[in-house]
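Take a look at the structure set out below.
There are 2 protein chains.
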Amino acid sequence: MTRSHHSFSEDFSEEERRGLYRAIYERRDVRSQFLPDPIPSDVLGRLLEAAHHAPSVGFMQPWDFLVIDSIEVRRRVLENFEHENTRAADNYDGERRSSYLALKLQGILDSPLNICITCDRSRGGPTVLGRNTIVETDLFSTCLAVQNLWLAARAEGIGVGWVSILDQQRLAQVLELPESVYPLAYLCVGYVSEFLEQPELEARGWRSRLPLQQLVHHNGWQQTLDAEHPLAEWLSERSSGISSRDT
Amino acid sequence: MTRSHHSFSEDFSEEERRGLYRAIYERRDVRSQFLPDPIPSDVLGRLLEAAHHAPSVGFMQPWDFLVIDSIEVRRRVLENFEHENTRAADNYDGERRSSYLALKLQGILDSPLNICITCDRSRGGPTVLGRNTIVETDLFSTCLAVQNLWLAARAEGIGVGWVSILDQQRLAQVLELPESVYPLAYLCVGYVSEFLEQPELEARGWRSRLPLQQLVHHNGWQQTLDAEHPLAEWLSERSSGISSRDT
Numbered sequence: 000m001t002r003s004h005h006s007f008s009e010d011f012s013e014e015e016r017r018g019l020y021r022a023i024y025e026r027r028d029v030r031s032q033f034l035p036d037p038i039p040s041d042v043l044g045r046l047l048e049a050a051h052h053a054p055s056v057g058f059m060q061p062w063d064f065l066v067i068d069s070i071e072v073r074r075r076v077l078e079n080f081e082h083e084n085t086r087a088a089d090n091y092d093g094e095r096r097s098s099y100l101a102l103k104l105q106g107i108l109d110s111p112l113n114i115c116i117t118c119d120r121s122r123g124g125p126t127v128l129g130r131n132t133i134v135e136t137d138l139f140s141t142c143l144a145v146q147n148l149w150l151a152a153r154a155e156g157i158g159v160g161w162v163s164i165l166d167q168q169r170l171a172q173v174l175e176l177p178e179s180v181y182p183l184a185y186l187c188v189g190y191v192s193e194f195l196e197q198p199e200l201e202a203r204g205w206r207s208r209l210p211l212q213q214l215v216h217h218n219g220w221q222q223t224l225d226a227e228h229p230l231a232e233w234l235s236e237r238s239s240g241i242s243s244r245d246t
Numbered sequence: 000m001t002r003s004h005h006s007f008s009e010d011f012s013e014e015e016r017r018g019l020y021r022a023i024y025e026r027r028d029v030r031s032q033f034l035p036d037p038i039p040s041d042v043l044g045r046l047l048e049a050a051h052h053a054p055s056v057g058f059m060q061p062w063d064f065l066v067i068d069s070i071e072v073r074r075r076v077l078e079n080f081e082h083e084n085t086r087a088a089d090n091y092d093g094e095r096r097s098s099y100l101a102l103k104l105q106g107i108l109d110s111p112l113n114i115c116i117t118c119d120r121s122r123g124g125p126t127v128l129g130r131n132t133i134v135e136t137d138l139f140s141t142c143l144a145v146q147n148l149w150l151a152a153r154a155e156g157i158g159v160g161w162v163s164i165l166d167q168q169r170l171a172q173v174l175e176l177p178e179s180v181y182p183l184a185y186l187c188v189g190y191v192s193e194f195l196e197q198p199e200l201e202a203r204g205w206r207s208r209l210p211l212q213q214l215v216h217h218n219g220w221q222q223t224l225d226a227e228h229p230l231a232e233w234l235s236e237r238s239s240g241i242s243s244r245d246t
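Right, here's the structure in full:
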């Protein structure tokens with residue numbers, strides 16, 4: 000394994016650091032660029048292990064991984080998506096509706112593999128360290144596992160698309176999940192013809208990236224950083240020097 | 000920026016890939032190893048930009064970042080933690096209670112910086128693409144931003160600890176958050192004396208890492224992978240060859 004070639008607390012090399020940032024900036028929510036090529040088992044294993052090494056509240060590890068290649072199961076999930084997506088389209092009128100309907104929002108059958116990452120809300124028994132004040136922390140932990148898998152996939156040249164337009168109860172039925180298990184993320188996974196330079200919703204003019212500057216507060220919601228604060232200066236320089244490709 | 004030295008869809012080098020996996024495997028939930036050294040603004044800026052480049056439902060970008068260095072604000076958050084943690088300790092008896100009370104679960108004042116990542120549940124208006132079926136997807140998106148920041152921090156040699164034992168309503172009051180804004184993650188951030196080789200809760204015997212094999216299902220919850228499935232073979236080899244250090 001790659002991780003055995005260094006001592007544990009050693010600084011990252013410039014190239015290792017670049018690898019992490021590349022994964023973050025070049026990760027895309029893929030819907031249209033999937034190739035049918037199968038994913039080798041060692042690569043798939045590495046993605047699942049990366050997910051399994053996410054942090055979790057009280058080391059609860061509430062996740063499970065359903066590896067789904069059955070066409071039959073995927074067809075039933077696609078039906079679920081189509082039903083929900085038709086309802087979703089009713090939220091829009093006129094041009095925005097046409098624009099919505101023209102978006103491809105899933106790659107359930109185009110990708111060679113789907114993975115459902117679930118959250119077992121009963122894992123670890125009734126008392127989980129750190130979870131009594133905020134009970135949703137188990138769902139949050141599972142999201143962190145999703146992001147680990149998504150970034151590892153990018154580093155392996157594999158695209159991931161999260162299909163959120165699904166009725167979770169029907170999905171749970173199709174996947175025969177026990178009562179306590181919530182199907183948190185339904186992912187389409189596969190090699191891709193390319194990774195788009197911009198998120199598709201941004202490139203299509205659906206919504207723009209917000210300027211980071213506007214999202215940073217200091218010691219409370221009401222206060223922004225003083226203009227002379229070094230972080231304010233850094234953010235301002237970044238924001239004026241940035242190309243649309245870079246965002 | 001590091002990310003301009005390559006063409007976009009180029010394969011990751013072996014070392015870049017290692018960087019991503021190192022961040023995933025060597026990231027820790029830090030409570031006890033913080034150093035007081037300040038974080039340079041360009042490094043902090045990179046962490047926030049990494050978080051801001053997480054995926055979000057409908058490109059909603061529901062997050063904001065509260066950078067908290069005020070001792071006064073942090074003291075009030077620490078009071079909140081202590082109140083909730085005393086209540087939490089009541090969940091345990093005898094030895095488990097002593098063990099719980101001996102755990103250090105926050106570094107609010109030891110770390111030079113706290114960051115609260117919030118989720119604005121009203122961002123993007125009443126209709127957000129992909130969010131009508133599962134309304135919590137905005138919280139999930141915000142979690143993905145947390146993980147981006149956590150991993151980028153690790154690559155920069157910076158530790159992060161998520162304090163989940165807080166009353167969120169009182170936290171929202173201290174940070175003067177508007178009604179629609181939820182304080183999803185309260186993070187302690189700083190350079191560290193070391194990154195532990197194992198998660199602290201695992202090293203202290205609080206809870207063990209689950210074998211990944213047990214968490215992988217095939218085409219539905221009830222089915223495991225056939226023993227001859229290449230992924231099953233890979234997982235089984237990994238699991239038998241694994242040292243406790245490696246998990």
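Residue numbers (numbering that gives the first Met the number 0), protein chains in the order written: chain A, 0 to 246; chain B, 0 to 246.
Glycine included, each C-beta is placed from N, C-alpha and C at the ideal position.
Since the model is a prediction, treat every value here as computed from it, not as a measurement.
| Query | Result |
| --- | --- |
| Is the beta carbon of residue 76 of chain B sitting closer than 8 Å to the one on residue 145 of chain B? | no |
| Which of the three DSSP states is assigned to residue 134 of chain B in this structure? | coil |
| Residues of chain C with CB closer than 8 Å to the CB of residue 18 of chain B, please, in chain order. | Of the chains in the structure shown, none is chain C; the protein chains are A and B. |
| Would you mind working out which of A:105, A:154, A:206, A:24 sits nearest residue 19 of chain B, comparing C-alpha positions? | A:154 |
| Closer than 8 Å by beta-carbon distance: list the chain A residues that pair up with residue 237 of chain B, in chain order. | 44, 48 |
| Starting from the beta carbon of residue 31 of chain A, find every residue of chain B whose beta carbon is closer than 7 Å, and list them in chain order. | Under the 7 Å cutoff, chain B gives no residues; its nearest Cβ is about 15 Å from residue 31 of chain A. |
| Can you name, in chain order, every residue of its own chain whose Cβ lies under 6 Å from the Cβ of residue 212 of chain B, other than the five neighbours on each side? | 234, 238 |
| Using a cut-off of 8 Å between C-beta atoms, extract the partners of residue 225 of chain A located in chain B. | The premise fails here: residue 225 of chain A is roughly 12 Å from chain B at the closest Cβ pair, so nothing lies under 8 Å. |
| Can you give me the Cβ contacts of residue 149 of chain A inside the same chain, cut-off strictly under 7 Å, excluding the 5 residues immediately before and after it? | 26, 159 |
| Is the Cβ-Cβ distance between residue 113 of chain A and residue 170 of chain A less than 8 Å? | no |
| Does the ligand MG have a heavy atom nearer than 7 Å to the CB of residue 161 of chain A? | Summarising the ligand content, the structure contains no ligands, and the ligand MG is consequently not present. |
| Does residue 229 of chain B come out as helix, strand or coil in the three-state DSSP assignment? | helix |
| What is the C-beta distance between residue 194 of chain B and residue 110 of chain B, in whole angstroms, given that I count them as a contact (C-beta under 8 Å)? | Going by Cβ atoms, the distance from residue 194 of chain B to residue 110 of chain B rounds to 14 Å, so no, they are not a contact pair. |
| Is there a Cβ of chain A sitting closer than 8 Å to that of residue 247 of chain B, yes or no? | This structure cannot settle anything about residue 247 of chain B, because the visible part of chain B is limited to 0 through 246. |
| Report back the beta-carbon spacing between residue 183 of chain B and residue 136 of chain B to the nearest angstrom; my notes put them in contact at under 8 Å. | Actually they are not in contact, since the Cβ atoms of residue 183 of chain B and residue 136 of chain B sit about 13 Å apart, beyond 8 Å. |
| Is residue 85 of chain B helix, strand or coil by DSSP? | helix |
| For residue 63 of chain A, which residues in chain B fall below 7 Å Cβ to Cβ? | 214, 216 |
| Assuming residue 189 of chain B is part of the beta strand (DSSP E), what are its boundary residues? | 180 to 190 |
| State the start and end residues of the unbroken alpha helix (DSSP H) segment that holds residue 41 of chain B. | 40 to 51 |
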